[in-house]
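Protein sequence lines correspond, in order, to chains G and V. So the first sequence is numbered by the working numbering: it starts at 13 and just counts up by one. So the second sequence is numbered by the working numbering: it starts at 13 and just counts up by one. Glycine residues also receive a C-beta, built at the ideal position from the N, C-alpha and C atoms. One structure is given below, encoded as structure tokens.
Number of protein chains: 2
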Amino acid sequence: MTVTIKDIAKVAGVSYSTVSKALNDSPLVKGETKKKVAAIANEMGYAPNFAAQHLVSKKSKIIGLIWPTIERAVLATLVTKISNELNKTPYSMILSVDPLERSLETFKKYKVDGAILFEEDVNVKISNFSPPILVYGVSRNNSSDYPVIDPDHQQAILKAVTYLYKLGHRKIAYIGQIPQNDPRQIAKYEGFKKALKKFGIEELNKTSIINTEGLDWYDGYSAINKLLALDEPVTAIIGGSYDISAGIVRGLKDKQINIPEDISVISYDNIPQMENQEVPLTSVGVPVEQLAIKIVHTLIDLMENEQPLPQVTMMTPVLTERISCAPIKQYY
Amino acid sequence: MTVTIKDIAKVAGVSYSTVSKALNDSPLVKGETKKKVAAIANEMGYAPNFAAQHLVSKKSKIIGLIWPTIERAVLATLVTKISNELNKTPYSMILSVDPLERSLETFKKYKVDGAILFEEDVNVKISNFSPPILVYGVSRNNSSDYPVIDPDHQQAILKAVTYLYKLGHRKIAYIGQIPQNDPRQIAKYEGFKKALKKFGIEELNKTSIINTEGLDWYDGYSAINKLLALDEPVTAIIGGSYDISAGIVRGLKDKQINIPEDISVISYDNIPQMENQEVPLTSVGVPVEQLAIKIVHTLIDLMENEQPLPQVTMMTPVLTERISCAPIKQYY
DNA sequence: TTGTAGGCGTTATCAG
DNA sequence: CTGATAACGCCTACAA
């Protein structure tokens with residue numbers, strides 16, 4: 013038997029509507045009464061019944077998030093951060109690991125007030141799902157019907173190159189996956205090329221872009237061999253993802269190459285885990301906390317105000333200095 | 013405006029209580045009527061309102077699952093499979109990424125009918141949470157107050173050794189983490205030692221247990237060097253986890269050692285991803301699907317029957333043959 | 001400032 | 001077989 017507002021009402025000696033108001037901090041109730049009711053409620057271990065609240069308010073205060081099957085560290089972290097951020101609001105989150113359509117079906121039954129999708133899912137057409145939808149990461153696919161939050165990959169890599177350039181680096185390698193069909197990876201790659209051009213060092217780096225097969229640690233690890241075979245060795249490396257960079261660090265270590273003394277390393281993906289690498293890695297990217305905050309509050313805005321928000325929001329990346337980069341001595 | 017049974021009733025020309033019964037396949041409604049109602053409901057895009065159902069039935073049909081922060085491939089897979097399995101039942105799942113207490117708080121508000129916990133969380137004492145709780149993986153900690161489902165790690169390794177022994181292998185290495193405080197890893201280690209003894213090959217393998225620092229790919233990868241430094245080379249390796257084995261495969265490949273021609277490899281963790289390794293790995297462990305099924309249905313039993321089930325259920329591991337093991341030729 | 005009454009969408013009970 | 005009607009826990013006018 014869970015305790016309801018009626019139970020509280022009996023104990024408090026007031027009507028249950030008063031209890032309801034008191035608990036909702038309504039101005040229609042004396043402060044004194046509020047305190048008393050709150051105390052009793054607390055003591056009795058009262059927890060509001062979401063189902064009942066939902067039924068009457070027509071608001072579920074739930075947002076649905078589709079858990080992408082691809083389990084990269086960044087996304088797992090992002091999901092966690094989103095949940096944490098949501099905990100500071102009246103909203104809760106349900107995670108669905110099903111494919112898009114099935115997930116939306118579930119969301120409909122729960123009458124979620126809004127939903128968050130990841131890029132991967134958005135290609136399917138979404139039919140009769142009315143709550144607001146927010147999409148993370150498809151700025152390239154500008155045909156999206158929904159507001160989009162997207163980190164600015166190009167700018168991130170530009171910041172990385174700028175940072176290295178200012179430290180005196182001129183020979184800089186990019187180790188990352190460059191597939192035809194992944195706009196995010198392509199954006200990083202393009203960002204790198206543009207940055208080289210901006211600083212007038214493209215000629216120097218004709219051969220220092222290494223296209224890995226995938227995004228895994230081994231891709232970074234094995235790229236080190238190719239890198240070392242270069243005629244002119246680089247003094248700095250930009251890793252295209254967390255996992256790739258983890259492999260790079262190991263690869264260099266196995267060759268007795270020290271970071272940052274012998275070579276500087278910057279990783280894409282600005283997540284706390286970078287700190288835990290053998291060498292804490294300086295990294296660029298939009299910090300996941302910021303992403304999470306932006307995503308959550310944009311969605312809440314969408315749900316509560318229905319204002320047409322800017323269609324796509326590019327998030328500004330940040331370079332977080334750790335200890336994997338050093339200046340080039342000879343340039344001093 | 014979402015469609016309710018009343019809307020359907022109007023269109024169908026029956027009372028809404030009849031609609032309710034029809035939709036629930038009650039024997040109190042003519043088959044004909046049922047069909048008609050179902051057709052209309054479907055056409056109108058009707059989805060039942062969980063909140064309302066919950067309110068009247070006192071059953072939320074939701075189970076809560078606390079998402080362990082430790083993100084190993086196996087657990088991610090397990091969570092997904094559990095969700096898939098739950099989809100075949102009337103139950104839904106909410107995932108919480110919060111710490112135990114906060115998660116339970118949320119679960120209470122949603123009035124979940126049951127909850128699933130992972131080993132990591134269970135040490136905290138749980139107060140005033142009434143729905144049944146099922147714990148995955150703490151058989152060692154027999155002080156658990158809740159029913160436990162646990163894979164039999166020891167037996168898994170025993171099966172691996174047996175399999176290799178029958179193939180003619182006598183020099184077998186175990187590469188895994190052996191920490192003081194992780195009962196699962198210790199169980200595997202103990203299982204290995206017992207198995208060696210059973211087959212009378214402990215003396216042969218005095219030095220072929222490699223205690224890795226961690227459970228990551230690099231731990232497996234770098235263990236290969238130590239392994240190769242052994243006086244008497246082994247003909248088979250058992251990897252203690254999915255990630256470790258992934259590292260082992262890469263490590264061997266880098267040394268031009270072929271699997272299974274030059275060396276046989278078996279991995280712990282029986283998950284589908286084993287198939288995707290460069291060399292599809294023969295593996296031992298309770299298949300995640302089976303675990304998921306067991307977990308889900310045990311919990312459902314718990315929720316619906318309240319029968320006191322056996323306190324701890326050890327799941328029998330299975331060896332899944334792929335192509336990473338070969339017989340020793342000279343024994344033929 | 002507090003209490004009363006109606007209703008949210010659904011199921012269950014009991015008449016028809 | 002079908003249709004009213006009460007009830008689930010809560011919120012919100014509206015009345016007192």
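Locate the alpha helix (DSSP H) running through V308/G, then write down its first and last residues. That run of the alpha helix (DSSP H) goes 300 to 317.
Do I184/V and A248/V have their C-beta atoms within less than 7 Å of each other? yes
9 Å Cβ cut-off: residues of chain V touching K123/G: T14, A59, N61, F62, A63, listed in chain order.
For a contact meaning CB atoms closer than 7 Å, what does L303/V contact in chain G? Chain G residues near L303/V: none, gap ~16 Å exceeds 7 Å.
Using the Cα positions of R334/G and P284/G, report the straight-line distance between them to the nearest angstrom. Straight-line Cα distance between these residues: approximately 11 Å.
Just to make sure I have the definition right: I need the residues of chain V whose C-beta is within less than 7 Å of the C-beta of S104/G. Which are they? One finds T118 in chain V with Cβ atoms closer than 7 Å to the Cβ of S104/G, taken in chain order.
On the criterion of 16 or more Cβ atoms from any shown chain inside 10 Å, does R196/V qualify as buried, or is it exposed? Buried, because 16 or more other Cβ atoms sit within 10 Å of the Cβ of R196/V.
Any idea what DSSP makes of I161/G, helix, strand or coil? Shown here, I161/G sits in a strand according to DSSP, grouped into three states.
Determine the chain V residues that contact H66/G at a beta-carbon separation under 8 Å, and present them in chain order. A63
Taking the CB atoms as reference points, tell me whether K18/G and Y28/G lie closer together than 7 Å. yes
Taking any Cβ of chain G, which residues in the stretch 197 to 230 of chain V have a Cβ under 8 Å from it, in chain order? W229, Y230
Pull up the distance between the alpha-carbon of P272/V and that of L240/V, whole angstroms please. Whole-angstrom Cα-Cα distance: 16 Å.
Please go through the same chain and pick out, in chain order, the residues whose beta-carbon is closer than 6 Å to the beta-carbon of M326/G, but skip the five residues on each side of it. D162, D164
Of the listed residues G203/G, I78/G, E301/G, nearest to E214/G (C-alpha basis): G203/G
For Y186/G, the three-state DSSP class (helix, strand or coil): strand
Indicate whether the contact test is met: 3 or more Cβ pairs, each with one atom in the stretch 220 to 230 of chain G and one in the stretch 285 to 302 of chain G, closer than 8 Å. no
Residues bridged to T294/G [DSSP beta-bridge criterion]: I278/G
Taking Cβ-Cβ distances shorter than 9 Å, what residues in chain V pair up with N6/G? Because chain G here runs from 13 to 344, residue 6/G falls outside it and cannot be looked at.
Can you check DSSP and say which residues form a bridge with I222/G? I222/G pairs with I187/G.
Three or more C-beta pairs under 8 Å: does that hold for the stretch 115 to 128 of chain V against the stretch 64 to 77 of chain V? yes
Best match in Q166/G, G126/G, N140/G for proximity to V147/G [C-alpha to C-alpha]: G126/G
Can you say whether G25/V is buried or exposed, counting buried as having 16 or more other CB atoms within 10 angstroms of its CB? Around the beta carbon of G25/V, fewer than 16 other beta carbons sit within 10 angstroms, so the residue counts as exposed.
Just how far apart, CA to CA, sit P339/G and P191/V? 40 Å
DSSP three-state assignment for I6/G, whether helix, strand or coil: A query on residue 6/G cannot be resolved here, the shown segment of chain G reaching from 13 to 344 and no further.
Would V109/V pass as an interface residue toward chain G - the criterion being a Cβ-Cβ separation below 7 Å? yes
Taking only the alpha-carbon atoms, compute the straight-line gap between N140/G and D157/G and give it to the nearest angstrom. 13 Å
Using a Cβ-Cβ cutoff of 7 Å, what residues of the stretch 167 to 189 of chain G are near chain V? List them in chain order. none
Under 7 Å, Cβ to Cβ, is there at least one residue of chain V near R334/G? no
Between I52/G, K341/G, D313/G, Q166/G, which has its C-alpha nearest I145/G's C-alpha? Of the candidates I52/G, K341/G, D313/G, Q166/G, the one whose C-alpha sits nearest the C-alpha of I145/G is D313/G.
Looking only at its chain, what residues have a beta carbon closer than 8 Å to the beta carbon of E290/G, apart from the 5 residues adjacent to it on each side? V261, R262, K265
Could you give the distance in angstroms between the alpha-carbon of Q167/G and the alpha-carbon of K93/G? 23 Å
Report the residue from M56/V, G57/V, K100/V, K123/V whose alpha carbon sits nearest the alpha carbon of S69/V. K123/V
Might you give, ordered along the chain, the residues of its own chain that have their beta carbon closer than 6 Å to the beta carbon of T89/V, omitting 5 neighbours on each side? I283, V300
Taking C-beta pairs closer than 8 Å, name the residues in chain V that S95/G reaches, listed in chain order. Listed along the chain, the chain V residues whose CB falls inside 8 Å of the CB of S95/G are S108, V109, D110.
Can you find the residues in the same chain that come closer than 8 Å, C-beta to C-beta, to T332/G, ignoring five residues on each side of it along the sequence? N282, M286, T294, S295, V296, P299
For V91/G, which residues in chain V fall below 8 Å Cβ to Cβ? V109
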